[in-house]
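Visitor: Residue 0 is where the sequence shown starts when you use numbering that gives the first Met the number 0, and the numbers rise one by one after that.
Encoded as structure tokens, here's the structure I'll be asking about.
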Amino acid sequence: MRIAFSNDHAGAPMREHLLPILKQLGHEVLDFGADGQASVDYPDYASPALRALISGQVERTILVCGSGVGMSIVANRIPGVRCALAVDVWTAEMSRRHNDTNCLALRAREQDPKVNVAIVEKWLATDFEGDRHRRRIEKIEEIAAALRKEL
């Protein structure tokens with residue numbers, strides 16, 4: 000699978016744990032992340048990874064920042080992106096099974112790298128169940144489109 004990966008300065012140390020695992024699992028990774036821990040603005044680093052996702056250049060995107068919240072907010076502002084902030088394996092699994100997430104946000108602070116590795120492995124290995132969940136995603140898209148027209 001082709002995956003876009005990005006991180007801000009807080010996510011740089013976690014990047015060193017996750018990129019080798021993604022490659023070991025046989026994924027092709029487009030890395031847009033910050034190299035060091037000098038302060039950067041997370042939206043600037045989320046943007047190219049999200050562009051790769053919505054353009055079809057990659058199938059999924061993984062974003063890492065201190066809490067995961069900032070990256071998930073940026074991602075969920077982009078039409079067609081369904082991003083879950085997962086701090087445990089169960090949430091990652093359910094985000095794929097029920098919500099067909101194509102973007103995963105992770106926290107780098109207060110999180111054991113082994114937990115994030117397990118989250119990523121489960122998220123990448125889990126398929127979307129479809130059926131009633133597809134109907135719900137379609138409703139979300141309809142609501143969003145209607146609100147854009149109203150505003």
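Cβ atoms here follow ideal geometry from the backbone N, Cα and C, with glycine treated the same way.
The model shown is predicted, which means the values in this text are computed figures rather than measured ones.
Between which two residues does the beta strand (DSSP E) harbouring Thr-60 extend?
Guide: Run containing Thr-60: 59-64, per the beta strand (DSSP E) assignment.
Visitor: Compare the Cα-Cα distances from Gly-35 to each of Arg-95, Glu-141, Tyr-44, Val-28 and report the closest residue.
Guide: When only C-alpha atoms are compared, the closest one is Tyr-44.
Visitor: Since Asn-6 sits in a beta bridge, which residues does DSSP pair it with?
Guide: Val-63, per the DSSP bridge assignment.
Visitor: Going by C-alpha to C-alpha distance, which of Pro-12, Ile-61, Gln-110, Asn-98 sits closest to His-26?
Guide: Among Pro-12, Ile-61, Gln-110, Asn-98, the Cα nearest to that of His-26 belongs to Ile-61.
Visitor: The alpha helix (DSSP H) spanning Asp-43 covers which residue range?
Guide: Segment 41-53, the alpha helix (DSSP H) holding Asp-43.
Visitor: So, does the segment 66-73 touch the segment 89-101, judging by three or more C-beta pairs under 8 Å?
Guide: They do not touch, by the three-pair rule.
Visitor: Can you give me the C-alpha to C-alpha distance between Val-86 and Lys-138, rounded to a whole angstrom?
Guide: Rounded to the nearest angstrom, the two C-alpha atoms are 26 Å apart.
Visitor: Below 8 Å between beta carbons: does that hold for Asn-115 and Met-13?
Guide: Their beta carbons are under 8 Å apart, which means Asn-115 touches Met-13 by this criterion.
Visitor: Taking the continuous alpha helix (DSSP H) assigned at Glu-92, which residues delimit it?
Guide: That run of the alpha helix (DSSP H) goes 88-98.
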